[in-house]
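Q:
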Amino acid sequence: MKKLCCVLLVILSSFTVVAQLPDDDELAMQHYQTGDWEKAFTRYQMLFNEGRQPQYYDQYLNTLLKLRKYEEAQQVVSQMIKAQPDSYVYKVDYGRIFQDQGQQEKAGEWYNKLIKELPPNEYHIRDLAVAFYRASAYNYSIRTLLNGRKLLKDESAFSFDLLSLYRYQKDKQMLVNEYLHILGSDQGERFLSQAKSSIATIFETGEDYSILKAPLLRKMEKEPGNTIYSDLLVWTYIQQKDYSAALKQVIATDKRLREDGGRVYDLALLIGNEASLQAIEGLEYLIKKGPGSEYYIPAKMQILKHRMHLLTGGRFTDADLIKLEDSYTTLLKEAGKGKTTVFAMRELARLQAYYLNKPSEARTLLEEILKMPGLPASVTGQIKLELGDVYILTDELWEAALIYGQAEKEFADQPIGQEAKYRKAKLSYYQADFAWAKAQLDVLKSSTSQLIANDALNLSLLISENTESLADTNALIKYALADKLIFAGKLQEALSTLDSIDKAYPGNSLSDDILMSKSKVFLKQNNLQKAVECLLAITELYSYDVWADDALFILAETYETKLHDPEKAKMYYQKLITAFPGSLYVTEARKRFRNLRGDNVG
Numbered sequence: 001m002k003k004l005c006c007v008l009l010v011i012l013s014s015f016t017v018v019a020q021l022p023d024d025d026e027l028a029m030q031h032y033q034t035g036d037w038e039k040a041f042t043r044y045q046m047l048f049n050e051g052r053q054p055q056y057y058d059q060y061l062n063t064l065l066k067l068r069k070y071e072e073a074q075q076v077v078s079q080m081i082k083a084q085p086d087s088y089v090y091k092v093d094y095g096r097i098f099q100d101q102g103q104q105e106k107a108g109e110w111y112n113k114l115i116k117e118l119p120p121n122e123y124h125i126r127d128l129a130v131a132f133y134r135a136s137a138y139n140y141s142i143r144t145l146l147n148g149r150k151l152l153k154d155e156s157a158f159s160f161d162l163l164s165l166y167r168y169q170k171d172k173q174m175l176v177n178e179y180l181h182i183l184g185s186d187q188g189e190r191f192l193s194q195a196k197s198s199i200a201t202i203f204e205t206g207e208d209y210s211i212l213k214a215p216l217l218r219k220m221e222k223e224p225g226n227t228i229y230s231d232l233l234v235w236t237y238i239q240q241k242d243y244s245a246a247l248k249q250v251i252a253t254d255k256r257l258r259e260d261g262g263r264v265y266d267l268a269l270l271i272g273n274e275a276s277l278q279a280i281e282g283l284e285y286l287i288k289k290g291p292g293s294e295y296y297i298p299a300k301m302q303i304l305k306h307r308m309h310l311l312t313g314g315r316f317t318d319a320d321l322i323k324l325e326d327s328y329t330t331l332l333k334e335a336g337k338g339k340t341t342v343f344a345m346r347e348l349a350r351l352q353a354y355y356l357n358k359p360s361e362a363r364t365l366l367e368e369i370l371k372m373p374g375l376p377a378s379v380t381g382q383i384k385l386e387l388g389d390v391y392i393l394t395d396e397l398w399e400a401a402l403i404y405g406q407a408e409k410e411f412a413d414q415p416i417g418q419e420a421k422y423r424k425a426k427l428s429y430y431q432a433d434f435a436w437a438k439a440q441l442d443v444l445k446s447s448t449s450q451l452i453a454n455d456a457l458n459l460s461l462l463i464s465e466n467t468e469s470l471a472d473t474n475a476l477i478k479y480a481l482a483d484k485l486i487f488a489g490k491l492q493e494a495l496s497t498l499d500s501i502d503k504a505y506p507g508n509s510l511s512d513d514i515l516m517s518k519s520k521v522f523l524k525q526n527n528l529q530k531a532v533e534c535l536l537a538i539t540e541l542y543s544y545d546v547w548a549d550d551a552l553f554i555l556a557e558t559y560e561t562k563l564h565d566p567e568k569a570k571m572y573y574q575k576l577i578t579a580f581p582g583s584l585y586v587t588e589a590r591k592r593f594r595n596l597r598g599d600n601v602g
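Oh and the sequence shown: position 367 is 367 in the UniProt record's numbering, straight run, nothing missing.
#1: By alpha-carbon positions, which one of L192, L175 and M220 ends up nearest to I202?
#2: What's the C-alpha gap between E274 and E26?
#3: By the three-class DSSP mapping on this structure, what secondary structure does L286 have?
#4: With V521 and N458 assumed to form a contact (beta carbons below 8 Å), what rounded beta-carbon distance in angstroms separates them?
#5: So is E386 buried or exposed if we call it buried at 16+ other beta carbons inside 10 Å?
#6: Helix, strand or coil for R149 per DSSP?
#7: Check the C-beta distance from Q440 over to A420 and give it rounded, since I have them as a contact under 8 Å.
#8: Whole angstroms is fine: what's the gap from A453's alpha carbon to T341's?
#9: Using three-state DSSP, classify L393 as helix, strand or coil.
#10: Using the Cβ count rule (16 or more neighbours within 10 Å means buried), how would you classify A435?
#11: On the three-state DSSP scale, how would you describe L118?
#12: Round the Cβ separation of V234 and A246 to the nearest angstrom and send it over; I've been treating them as touching at under 8 Å.
#13: Using DSSP with H/G/I as helix, E/B as strand and the rest coil, what is F553?
#14: Would you call A349 buried or exposed, if buried means 16 or more other Cβ atoms sit within 10 Å of its Cβ?
#15: Sorted by chain position, which residues of the same chain lie with C-beta nearer than 6 Å to A299's C-beta, five sequence neighbours on each side aside?
#16: Give the straight-line distance between the Cα atoms of E223 and S136, rounded to the nearest whole angstrom.
#17: I'd like to know whether the C-beta atoms of Q302 and A335 end up nearer to each other than 8 Å.
#18: Select from V250, K219, L498 and T205 the residue whose C-alpha is nearest the C-alpha of E178.
#19: Do D565 and Y573 have their CB atoms nearer than 8 Å?
#20: Counting only runs that start and end within the region 296 to 372, where is the alpha helix (DSSP H) found for 4 or more residues in a row?
#21: Any contact between the region 162 to 171 and the region 193 to 209? By contact I mean 3 or more CB pairs, one from each, below 8 Å.
#22: Kindly confirm or deny that the region 395 to 413 and the region 369 to 385 touch, where touching means at least three C-beta pairs closer than 8 Å.
#23: Excluding sequence positions up to five away, which residues of its chain have a Cβ less than 8 Å from the Cβ of P22?
#24: What first and last residue would you give for the alpha helix (DSSP H) that runs through D413?
#25: Could you give the uninterrupted runs of the beta strand (DSSP E) lying entirely in the region 148 to 177, keeping only those of 3 residues or more?
#26: Would DSSP call Y32 helix, strand or coil?
#27: Taking its Cβ as the centre, do 16 or more other Cβ atoms sit within 10 Å of I322, making it buried, or is it exposed?
#28: Using three-state DSSP, classify residue 637 as helix, strand or coil.
#29: Taking L451 as the reference, which of Y422, S464, L461 and S428 has the closest Cα?
#30: DSSP three-state label for P85, please.
#31: Give the single residue among L563, A579, A556 and S446 whose Cα lies nearest to the Cα of A569.
#32: Answer with buried or exposed for M308, where buried requires no fewer than 16 other C-beta atoms within 10 angstroms of its C-beta.
#33: Quick one: measure Cβ to Cβ for Y94 and I81, integer angstroms, because I've assumed they're closer than 8 Å.
#34: Can you give me the C-alpha to C-alpha distance between Y123 and F158, rounded to a whole angstrom?
Okay, here's the thing in structure tokens:
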């Protein structure tokens, strides 16, 4: 009985060992993945030869090639060709063996023979192209498809297969040629957006776009009526930031086809933020079409918007601002005050409130808009926010709080409502009601809008960090007054107030905040050197404080857009990305850094 038990134990243990051993498939794959070619060869040879199992063919052939067993590899491939004569996979692999031996000429002859002997059959052509692709013989895959076009007598055949191959190989010239070929067909309009997207993914520099521009211009000469080519050329100019050339092209197309100006207007809207002068030129072209044009009034409004942007973004005189106000007034007399001109009325109100010291006129204009019937709720919500701001300028603080409260209630849990709550809290901060302001701001720190949440957090921190002593609280009262003066556009008064804080309360805790506020004033005054000095002081003296990432971003942006020093801009964007990976500015900083470096970011 004991002997029988021992025998059973031995048998059971042997079964357990066998059950724990990996099967041949797993062992073969382990050896293959670790590059143990001899052991992989032994196992795959056994597995493949058990009825010539095709699922082991690729690994078996690759191990043979790794071990330079070329004769055996030829035998295996020949057997598979004989077994499946219609499959191009094995025929291409036969050429791979020549290639692996360094016999490139012989491999080329074999591949060319396969292409030459192709029948005019789409399935066989595609099968051979896929077989070449599988073998990483991409050029032969392309040649197969191009030859297939001739065999099928169809110059549009295999377009998408070729586009994929050109894109994969980053063959910019051939990708362009193929897309121009497709865009010239009846289906061209459908593929214009795809062409732009695909080309943008592989074009890396401004020079790359010249590869597209030259053949595109030739196509336009041959087919002047094809607006697809014109559209693509305009897009090419925009990618190169050559806005003048883009504008000339759309105007030329508009004139040639006697269009209504829609292309010109769309381009002006698209480039307006980056190229106000070119946008204005295009809009003036539309105005010359006369009052009968549907773009006549919209173009006039857009022109005034751009002129206001140019004036208020740089140095301006009172005469410039008064002239702009007169232009808005003339436009509203011509077009009338209504839903179509609300935008112009709001812009005029902003001009009067913040640049012409006419807040009462601005208030009247905004109140007039609110009385208009049929305005979208989102527009009335924004108007109420703007009107609340103007009430602050006219010292009607109760009215400001009231209208902010209306917007907050009407748009509860929406961005407009949260913005209204933030402005209401800031109004209390201006009035030195710090406890109530902080209570509202702490609620907004969890706002769904990241920007509002960030602003609320910063203002809440400002209050909590600077109300720990009576001296700091008094300093904060003065600082809040300076903030209100900046908001009202009274910049010199704001600077004087900021300078007085350290004198009245030496050693206060607002040093970095004062520097940030001064930098904002100097930027508004276009005093860029002083603005940079304040921002640099923040990055050097308060590198771990709340304003450090803001200072770096504003520095980089100033060097990029106003001082036109891309190298310094890149330096500060990079510093922000590295030092403050969690900053709200990181995504935009990374995008701008890549643009300055010359990357294509779309």
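A virtual CB, placed ideally from N, CA and C, is assigned to each residue, including glycine.
A: Considering the structure as presented:
#1: Taking the sequence shown and counting its residues from 1, one reaches residue 202 at position 202. Nearest option by C-alpha distance: L175.
#2: Position 274 of the sequence shown, counted from the first residue, corresponds to residue 274. Position 26 of the sequence shown, counted from the first residue, corresponds to residue 26. Cα to Cα, E274 sits roughly 60 Å from E26.
#3: Sequence index remark: in the sequence shown, residue 286 carries index 286 (1-based). L286 falls in the helix class under three-state DSSP.
#4: One-based indexing of the sequence shown puts residue 521 at position 521. One-based indexing of the sequence shown puts residue 458 at position 458. That belief does not hold up - the Cβ atoms of V521 and N458 are roughly 18 Å apart, past 8 Å.
#5: For the purposes of this step, residue 386 is taken as the residue at position 386 of the sequence shown. Per the 10 Å Cβ criterion, buried.
#6: Here residue 149 is taken as the residue at index 149 of the sequence shown, counted from 1. Helix at R149.
#7: Taking the first residue of the sequence shown as position 1, residue 440 is located at position 440. Taking the first residue of the sequence shown as position 1, residue 420 is located at position 420. Their Cβ separation, rounded to whole angstroms, is 11 Å, which puts Q440 and A420 out of contact at 8 Å.
#8: Within the sequence shown, the letter at position 453 stands for residue 453. Within the sequence shown, the letter at position 341 stands for residue 341. One C-alpha to the other measures close to 33 Å.
#9: Here the question's residue 393 lines up with position 393 in the sequence shown. Three-state DSSP puts L393 in a helix.
#10: One-based indexing of the sequence shown puts residue 435 at position 435. By the neighbour-count rule (16 or more Cβ atoms within 10 Å), A435 is not buried but exposed.
#11: In the sequence shown, residue 118 corresponds to position 118, counting from 1. In this structure, L118 counts as coil in the three-state DSSP scheme.
#12: Residue 234 sits at position 234 when you count from the first residue of the sequence shown. Residue 246 sits at position 246 when you count from the first residue of the sequence shown. Rounded, the Cβ-Cβ distance is 5 Å, consistent with contact.
#13: By one-based count along the sequence shown, residue 553 stands at place 553. Here F553 sits in helix by DSSP.
#14: Walking along the sequence shown from the start, residue 349 turns up at place 349. A349 is buried by the Cβ-count criterion.
#15: Taking the sequence shown and counting its residues from 1, the one referred to as residue 299 is at position 299. Result list for A299: L283, L286 and I287, in chain order.
#16: The count along the sequence shown starts at 1 and reaches residue 223 at position 223. The count along the sequence shown starts at 1 and reaches residue 136 at position 136. Straight-line Cα distance between these residues: approximately 38 Å.
#17: The sequence position of residue 302 within the sequence shown is 302, counting from 1. The sequence position of residue 335 within the sequence shown is 335, counting from 1. No, they are not a contact pair.
#18: The residue given as residue 178 occupies position 178 in the sequence shown. For E178, the nearest C-alpha among the options comes from K219.
#19: Within the sequence shown, numbered from 1, the residue matching residue 565 stands at position 565. Within the sequence shown, numbered from 1, the residue matching residue 573 stands at position 573. In this structure, Y573 does not lie closer than 8 Å to D565 by Cβ.
#20: 296 to 312, 318 to 335, 342 to 354 and 359 to 370
#21: yes
#22: yes
#23: As a position in the sequence shown, residue 22 is number 22, starting the count at 1. Note that P22 scores a pLDDT of 45, beneath 50, so its modelled location is shaky; the value from the coordinates is reported in the next line. Counting only Cβ-Cβ distances below 8 Å, and skipping sequence neighbours, we find Q30.
#24: Locating residue 413 in the sequence shown gives position 413, where the first residue counts as 1. Premise fails: D413 is in no alpha helix (DSSP H) and is neither H nor E.
#25: none
#26: Position 32 of the sequence shown, counted from the start, is the residue given in the question as residue 32. The answer is helix: DSSP assigns Y32 an H, G or I state.
#27: Taking the sequence shown and counting its residues from 1, one reaches residue 322 at position 322. Classification for I322: exposed.
#28: Residue 637 is absent from the model: the chain starts at 1 and stops at 602.
#29: Locating residue 451 in the sequence shown gives position 451, where the first residue counts as 1. It is Y422.
#30: Mapped onto the sequence shown, residue 85 falls at position 85. The answer is coil: DSSP assigns P85 none of H, G, I, E or B.
#31: Position 569 of the sequence shown, counted from the first residue, corresponds to residue 569. When each option's Cα is compared against that of A569, the closest is A556.
#32: Locating residue 308 in the sequence shown gives position 308, counting from the first residue. M308 comes out buried.
#33: The residue you call residue 94 lines up with position 94 of the sequence shown. The residue you call residue 81 lines up with position 81 of the sequence shown. About 7 Å separates the two Cβ atoms, so the contact holds.
#34: The residue given as residue 123 occupies position 123 in the sequence shown. The residue given as residue 158 occupies position 158 in the sequence shown. In a straight line, the C-alpha of Y123 is about 11 Å away from that of F158.
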